[in-house]
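Q: Dropping the structure in here first, questions after.
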DNA sequence: GCCGATAAGGCAAGATATTGATGAATCACC
DNA sequence: GGTGATTCATCAATATCTTGCCTTATCGGC
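Residue numbers (this note's numbering), protein chains in the order written: chain F, 1 to 174; chain D, 1 to 174.
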């Protein structure tokens with residue numbers, strides 16, 4: 001990795017080195033994303049393991065616990081868009097959560113009879129409150145070395161990356 | 001978020017709101033990490049699908065193709081530390097790669113007879129070169145809206161997060 | 001030469017993730 | 001009222017990913 005003649009380039013920077021440097025940093029970036037995501041699932045599942053939960057179930061419960069949707073629940077399609085997973089996968093996760101009694105599928109009270117709204121059960125609400133204690137501690141541990149400003153920075157960059165990647169799944173995957 | 005204990009000194013920022021804001025941003029951050037990682041696997045696997053590969057196999061081949069280890073290969077233990085996956089999982093991925101003839105397990109030429117070095121086969125080397133064309137295009141597409149400076153920034157933040165999370169797996173997980 | 005530690009593989013169980021194909025109920029439109 | 005699109009579910013195949021436990025081979029120290 002020789003990126004030497006970098007700081008003193010009064011004219012046009014050499015195209016070849018620039019492309020090579022970008023590939024190199026992209027490679028490292030995606031490797032870190034891969035590693036960080038592996039570790040997130042590993043440590044996250046451990047953090048909520050005493051509830052028999054996993055990071056995916058955590059994500060679903062977290063989505064359903066948001067004040068804006070706590071009462072009405074979310075349609076499966078909305079959850080798919082929110083979590084960016086496949087329908088087949090989400091169905092399996094929902095099955096497990098429903099089996100554990102944390103979540104229920106109800107027909108939408110309003111118009112559309114095709115929609116099934118997924119909603120937290122009272123038990124799910126209770127378990128989520130308990131999990132929240134562990135989750136707060138998990139966030140504190142994981143981000144202890146990050147200033148709030150840096151957290152925001154990382155969030156924004158990840159958000160843009162997510163946006164770019166979701167465009168690659170096809171124009172409808174927005 | 002409702003700001004509760006606001007009756008404190010106007011000089012110091014209210015602790016409660018600060019903690020709530022940090023939790024909120026942490027929550028969004030990890031959701032974005034979850035989403036971005038899902039999308040990375042989805043779009044990445046698609047990018048190398050015509051080689052019958054997946055993102056994990058891509059990661060392994062990428063690790064083995066680095067100039068520093070191209071000839072001697074990497075011990076399984078090194079690969080585990082590098083990719084941060086479990087041994088049981090890596091074994092399965094290596095089995096598939098070995099079955100496809102892209103990778104071989106050889107006894108370490110040097111001292112330790114316990115070590116099996118995983119190395120690219122000539123066929124694996126060839127396939128990797130072809131995959132590289134797709135991978136370069138993938139990186140360009142995914143990071144088109146990012147300046148090189150922003151890529152470095154995101155890499156550094158992810159690297160620190162990876163480090164923090166790996167500390168949480170236990171002191172040996174370094 | 002014995003023995004604990006290390007490196008790797010085998011086997012099992014369970015959860016997550018993708019794609020693809022199929023089916024059933026419902027809605028919107030004509 | 002029929003038709004096509006939408007929403008959700010199901011079955012199947014395949015690949016990851018984790019934990020836990022057991023086995024084998026080897027290394028290093030005593």
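Glycine is no exception: its CB is placed at the ideal position from the N, C-alpha and C atoms.
The structure displayed is predicted, hence computed values, not measured ones.
1. Give the DSSP-derived three-state secondary structure of residue 48 of chain F in the structure shown.
2. Determine whether the Cβ of residue 95 of chain F lies closer than 7 Å to any Cβ atom of chain D.
3. Please classify residue 88 of chain F as buried or exposed, where buried requires at least 16 other C-beta atoms within 10 Å of its C-beta.
4. So what does DSSP say about residue 115 of chain D, is it helix, strand or coil?
5. Spatial neighbours of residue 154 of chain F within its chain, please: C-beta separation below 8 Å, excluding the five flanking residues on both sides.
6. Do we get a CB-CB distance below 7 Å when we pair residue 38 of chain D with the residues of chain F?
7. Would you call the region 158 to 170 of chain D and the region 39 to 51 of chain F touching, i.e. three or more CB-CB distances under 8 Å?
8. Under 9 Å Cβ-Cβ, which residues of chain F neighbour residue 27 of chain D?
9. Which same chain residues, not among the five before or five after residue 25 of chain D, have their C-beta less than 6 Å away from its C-beta?
10. Throw me the rounded Cβ distance for the residue 91 of chain F and residue 104 of chain F pair, which I believe falls under 8 Å.
11. Where do the N-terminal and C-terminal ends of the beta strand (DSSP E) with residue 103 of chain D fall, by residue?
12. Taking residue 62 of chain F as part of the alpha helix (DSSP H), name the residues at either end of that continuous run.
13. Residues of chain D with a CB under 9 Å from the CB of residue 77 of chain F: which are they?
14. Name the residue from F:130, F:124, F:33 and F:74 whose alpha carbon lies nearest to the alpha carbon of residue 59 of chain D.
15. Pick helix, strand or coil for residue 143 of chain F, following the three-state DSSP scheme.
16. Closest to residue 169 of chain D by CA distance: which of F:35, F:21, F:30 and F:27 is it?
17. Would you check if the distance between the CB atom of residue 118 of chain D and the CB atom of residue 84 of chain D is smaller than 7 Å?
18. Quick check: the Cα distance between residue 100 of chain D and residue 127 of chain D, rounded to an integer number of angstroms?
19. Which of helix, strand or coil does DSSP assign to residue 92 of chain D?
A: Let me lay it out:
1. Taking the first residue of the first chain as 1, we reach residue 48 of chain F at position 48. Per DSSP, reduced to three states, the secondary structure at residue 48 of chain F is coil, with no helix or strand assignment.
2. The count along the first chain starts at 1 and reaches residue 95 of chain F at position 95. No - not a single Cβ of chain D is within 7 Å of the one on residue 95 of chain F.
3. The sequence position of residue 88 of chain F within the first chain is 88, counting from 1. By the C-beta density criterion, residue 88 of chain F is exposed, having fewer than 16 other C-beta atoms within 10 angstroms.
4. Your numbering for residue 115 of chain D matches position 115 in the second chain. Coil, per DSSP.
5. For the purposes of this step, residue 154 of chain F is identified with residue 154 of the first chain, where counting begins at 1. Cβ neighbours of residue 154 of chain F beyond the five flanking positions: 146.
6. Locating residue 38 of chain D in the second chain gives position 38, where the first residue counts as 1. So yes, residue 38 of chain D belongs to the interface.
7. Yes: the two stretches touch, three or more of their Cβ pairs being nearer than 8 Å.
8. What you label residue 27 of chain D is simply residue 27 of the second chain in a count that begins at 1. At a beta-carbon threshold of 9 Å, the residues of chain F lying near residue 27 of chain D are 62, 135 and 139, ordered along the chain.
9. For the purposes of this step, residue 25 of chain D is identified with residue 25 of the second chain, where counting begins at 1. Non-local beta-carbon contacts of residue 25 of chain D in its own chain, meaning distances under 6 Å to residues more than five positions away in sequence, are absent.
10. Here the question's residue 91 of chain F lines up with position 91 in the first chain. Here the question's residue 104 of chain F lines up with position 104 in the first chain. Contact doesn't hold; Cβ gap of about 15 Å is too wide.
11. Here residue 103 of chain D refers to the residue found at position 103 of the second chain. Counting along the chain, the beta strand (DSSP E) containing residue 103 of chain D begins and ends at 103 to 107.
12. In the first chain, counting from the first residue as 1, residue 62 of chain F sits at position 62. 55 to 64 is the extent of the alpha helix (DSSP H) around residue 62 of chain F.
13. In the first chain, residue 77 of chain F corresponds to position 77, counting from 1. Under the 9 Å cutoff, chain D gives no residues; its nearest Cβ is about 16 Å from residue 77 of chain F.
14. Along the second chain, one-based indexing puts residue 59 of chain D at 59. The shortest C-alpha to C-alpha distance from residue 59 of chain D to any of F:130, F:124, F:33 and F:74 is the one to F:33.
15. Your numbering for residue 143 of chain F matches position 143 in the first chain. If DSSP states are grouped into helix, strand and coil, residue 143 of chain F belongs with coil.
16. Counting from one through the second chain, the residue named residue 169 of chain D turns up at place 169. Among F:35, F:21, F:30 and F:27, the Cα nearest to that of residue 169 of chain D is on F:35.
17. Numbered from 1 along the second chain, position 118 holds the residue referred to as residue 118 of chain D. Numbered from 1 along the second chain, position 84 holds the residue referred to as residue 84 of chain D. Residue 84 of chain D is positioned such that its CB atom lies no closer than 7 Å to that of residue 118 of chain D.
18. Sequence index remark: in the second chain, residue 100 of chain D carries index 100 (1-based). Sequence index remark: in the second chain, residue 127 of chain D carries index 127 (1-based). Our two residues, residue 100 of chain D and residue 127 of chain D, have alpha carbons roughly 11 Å apart in a direct line.
19. Here residue 92 of chain D refers to the residue found at position 92 of the second chain. Looking at residue 92 of chain D - three-state DSSP - the assignment turns out to be helix.
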